[in-house]
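A.B. asks:
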Amino acid sequence: TTFDQPTNLPGHKSTHAQHSLYPPRFACLLTGILQLFCRMAQPIFLGQLLQFYLPTEKEVSMEQAYWYAAGVVFCSLINILITHPFMMGVLHLGMKIRISCCSLIYRKSLKLSKTALGQTTVVNLLSNDVNRFDVAVIFAHHLWLGPLQTALCTYLMYLQVEVAAVVGVLLLIAFIPLQIYFGKMISVFRLKTAMRTDERVRLMNEIVSGIQVIKMYAWEKPFAKLVDAVRSHQPSSSTSSQFARYEIKSITKTSYMRGIQLSFIMYSTRISIFGSILAYVLLGHNITAEKVFVLTCFYNILRQTMTVFFPSGIGQVRTSRSSKHRFNATIAGIFLKNASAKWTATQSDNTLTNITLSVTPGALLAVIGPVGSGKSSLFHVILQELVLNSGNLRVNGEISYASQEPWLFA
Numbered sequence: 001t002t003f004d005q006p007t008n009l010p011g012h013k014s015t016h017a018q019h020s021l022y023p024p025r026f027a028c029l030l031t032g033i034l035q036l037f038c039r040m041a042q043p044i045f046l047g048q049l050l051q052f053y054l055p056t057e058k059e060v061s062m063e064q065a066y067w068y069a070a071g072v073v074f075c076s077l078i079n080i081l082i083t084h085p086f087m088m089g090v091l092h093l094g095m096k097i098r099i100s101c102c103s104l105i106y107r108k109s110l111k112l113s114k115t116a117l118g119q120t121t122v123v124n125l126l127s128n129d130v131n132r133f134d135v136a137v138i139f140a141h142h143l144w145l146g147p148l149q150t151a152l153c154t155y156l157m158y159l160q161v162e163v164a165a166v167v168g169v170l171l172l173i174a175f176i177p178l179q180i181y182f183g184k185m186i187s188v189f190r191l192k193t194a195m196r197t198d199e200r201v202r203l204m205n206e207i208v209s210g211i212q213v214i215k216m217y218a219w220e221k222p223f224a225k226l227v228d229a230v231r232s233h234q235p236s237s238s239t240s241s242q243f244a245r246y247e248i249k250s251i252t253k254t255s256y257m258r259g260i261q262l263s264f265i266m267y268s269t270r271i272s273i274f275g276s277i278l279a280y281v282l283l284g285h286n287i288t289a290e291k292v293f294v295l296t297c298f299y300n301i302l303r304q305t306m307t308v309f310f311p312s313g314i315g316q317v318r319t320s321r322s323s324k325h326r327f328n329a330t331i332a333g334i335f336l337k338n339a340s341a342k343w344t345a346t347q348s349d350n351t352l353t354n355i356t357l358s359v360t361p362g363a364l365l366a367v368i369g370p371v372g373s374g375k376s377s378l379f380h381v382i383l384q385e386l387v388l389n390s391g392n393l394r395v396n397g398e399i400s401y402a403s404q405e406p407w408l409f410a
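Heads up, the sequence shown is in the UniProt record's numbering, so the first residue is 1 and it goes up one at a time.
As structure tokens, then:
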């Protein structure tokens, strides 16, 4: 599979494998564009239809009113026919990414020793982190669709109420930095919660393994205090009533921030509509029912895109990135397989020949040998300074290099 194929590209991580397995789908791009234009056309048809019911002299005939009504219905029908297949496609794509990551974690866990397996967070990765890819794929689509839709809505509303449209859109956009901030904080708290959960799950696995000894010596209460100490990030000598429940507090803060972020959906659009209408009236114009309905339709489109999907997309992408970092930490390491390299193409013999190497996090590997045996060349291969003639190199995660002779740059 693509995950098992090492590459010589620097900074190779699981993201490259995900992009290789699941390239961008142009069908999703096409459906997004069709959905965009259908939703933009519906308020225009509605505005023309409302002109037929104005008490003043009618500029729209009965036949034209029927055509405009058919346009409203047709846009709704096309939107429904496009949205559901698109959602099914992106859900399948997210499911494939999740399943491939689960398969990789499972294969990786089979190769780990018992000691190394006890230090990993396989259970939490499989139960929590990989599920973030399902949701992130859905909302990531709106990161490019949201700004484009906002620009088109602003232009079309400008044709209706002129500069007043810009006032309302600016009020709506003013809430986006707050939503982005809350999305970032949700990601930070979730990462902290995941770290505490990993430690608690590891401890619980050890307790379950030795439960017979714990029950035999009646050590339930001391170990219960130990689990509470891990949850609350407090010393184990504290009493249970003094525990701050750090893990539960992080989950509570995350829920509060999600609630505040979702509350923007309710009032941000209404504030924007009120701002546009107020600015239009203060500029000396007369407001009509046609303009109010058209503005409401456009702002409802922006509400769904810019106050729901766009900020949620930023938050979900940030959350999936934190999950991806934890995922990369599990598969981190330096791997060489049948690697051969030489410094110049004219050199008759290889400096390194058929080198197979595997270095995992926390492992100590010493390379010894006489002068000229290729020790420095091996480090240059790992640092991507020496290109391989054959074989494969994979560097997962981040590495640091401490040179024996320091380099001074002036």
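From the three backbone atoms N, C-alpha and C, an ideal C-beta is built for every residue, glycine too.
1. Any C-beta of chain B sitting closer than 8 Å to the C-beta of GLY47?
2. Evaluate HIS92 with the Cβ neighbour count: other Cβ atoms within 10 Å of its Cβ, from every protein chain shown; 16 or more gives buried, anything less gives exposed.
3. Smallest Cα separation from ALA289: which of ALA41, MET40, THR56?
4. Any idea if PHE274 is buried or exposed, counting beta-carbon neighbours within 10 angstroms, 16 or more meaning buried?
5. I'd like the list of long-range same chain contacts for residue 416, defined as Cβ closer than 8 Å, with 5 residues on each side in sequence excluded.
6. With a cut-off of 8 Å on the beta carbons, I'd call LEU156 and ILE44 a contact; round off their distance for me.
7. Taking its Cβ as the centre, do 16 or more other Cβ atoms sit within 10 Å of GLN347, making it buried, or is it exposed?
8. If we call anything under 8 Å between Cβ atoms a contact, is ALA341 one with THR356?
9. For the pair the stretch 250 to 268 and the stretch 205 to 216, tell me if three or more CB-CB distances fall below 8 Å.
10. Going straight from the alpha carbon of GLU63 to that of GLY71, what length do you get?
11. Give a yes or no on contact between the stretch 154 to 168 and the stretch 209 to 224, applying the rule of three or more CB pairs nearer than 8 Å.
12. Three Cβ pairs or more, each shorter than 8 Å: is that satisfied between the stretch 94 to 114 and the stretch 124 to 141?
13. Determine which residues share a DSSP beta bridge with ASN392 and list them.
14. Which residues does DSSP list as the beta-bridge partners of ILE355?
15. For LEU393 and GLU385, what's the separation of their Cα atoms in angstroms?
16. Can you name, in chain order, every residue of its own chain whose Cβ lies under 6 Å from the Cβ of VAL169, other than the five neighbours on each side?
17. LEU36 and LEU143: beta carbons closer than 8 Å?
18. Sort GLN304, LYS192, TRP343, GLY313 by Cα distance to THR150 and report the nearest one.
19. Taking the continuous alpha helix (DSSP H) assigned at PHE139, which residues delimit it?
20. Go ahead and pull the three-state DSSP assignment for GLU398.
21. With a threshold of 16 other CB atoms inside 10 Å of the CB of ASP349, please say whether the residue is buried or exposed.
22. In terms of residues, what are the limits of the alpha helix (DSSP H) holding ILE287?
C.D. replies: Short version:
1. No chain B appears in the structure shown, which is made up of a single protein chain.
2. exposed
3. THR56
4. exposed
5. Since the first residue of the chain shown is 1 and the last is 410, residue 416 is not available in this structure.
6. 7 Å
7. exposed
8. no
9. no
10. 13 Å
11. no
12. yes
13. LYS337
14. ALA339
15. 12 Å
16. THR154
17. no
18. GLN304
19. 132 to 140
20. coil
21. exposed
22. Note, ILE287: premise wrong, no alpha helix (DSSP H); not H, not E.
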